[in-house]
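In this text, residue positions in the sequence shown follow the UniProt record's numbering: the first is 1, and each later residue adds one.
Every residue, glycine too, gets a C-beta built ideally from N, C-alpha and C.
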Amino acid sequence: MPETERMARMAALVHTALGRATAGLLEAEATQAADLTAADRALHELLDEIEDSAAAAPTRDPATPADLRRLVADAHLGDDFEGLAVLIRHIAGIAWARHDSGPLPARLRLPLRTIAGTALGTVAAAGEALATATPTQLTEDLDEIGLRQRLLHRELLTGDGPPSVADATESTLLACHLRQCAERAASLAGNAGLLTGA
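Take a look at the structure:
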């Protein structure tokens, strides 16, 4: 499988895992378990792909230019994919914990949905950049998430009625994890040219 196709597939798995994990947390309770199970499945596929990619890396000298290009690309892009897997695992963990305690309050879910939607858009854009090995800058998405994160903080600190400690903690952590997912995805998009040595 060509490197661009393999990396785009990994980005698609990230998108699925992140999308289902956030849906399991922020959308209808009726589908929560199914969403989180699907997120876990996509996350396991992603981890398998990361492991397969590491196992296929060139390890013998003399290295060809193509070998070196793959090593550099795998080091940069692999680190971002591993980081995304860790973040998604954290998000899914919070979602599974909320499965028993009930959903976050609607006033906190609203800004988190926007942050999650922007993060998912960033992952999708990264997948497109990787598929074509075209470096792409996604700073506007990161700026939008920063703005939405500040609005969430304002709601937590000055909104009507203070949230519970658990709701405040989990909302803040989720926003941070989602922002970091977007940052990792933006890094993937920015380094997409490494797949062809650009």
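7 Å Cβ shell around residue i - same chain, five flanking residues per side excluded
| i | result |
| --- | --- |
| G159 | R107 |
| A8 | G127, L130 and A131 |
| A12 | G127 |
Separation of residue j from residue i, as counted between CA atoms
| i | j | result |
| --- | --- | --- |
| A131 | T64 | 23 Å |
| G197 | R70 | 9 Å |
| L87 | S171 | 14 Å |
| A166 | G93 | 14 Å |
| G78 | A57 | 11 Å |
| N191 | P162 | 42 Å |
| L120 | L84 | 12 Å |
Cut-off 6 Å between Cβ atoms - residues of its own chain near residue i, not counting five sequence neighbours on either side
| i | result |
| --- | --- |
| I145 | I115, T118, R179 and A182 |
| R148 | P111, T114 and I115 |
Contacting residues, own chain, Cβ-Cβ under 8 Å from residue i (five flanking each side not counted)
| i | result |
| --- | --- |
| G193 | A133, T134 and P135 |
| A125 | T136, L138, D141, A185 and A189 |
| T16 | A38, A39 and A42 |
8 Å contact criterion, which residue i and residue j should meet: CB distance rounded
| i | j | result |
| --- | --- | --- |
| residue 203 | A21 | Past the boundaries of the shown model lies residue 203; the chain is included only from 1 to 198, so the question cannot be answered. |
| L195 | A73 | 5 Å |
| S43 | R89 | Looking at the sequence shown, residue 43 is not Ser but Leu. Confirmed, about 6 Å. |
Handout entry: Contact the stretch 21-35 vs the stretch 91-110: 3+ CB pairs below 8 Å
Key = yes
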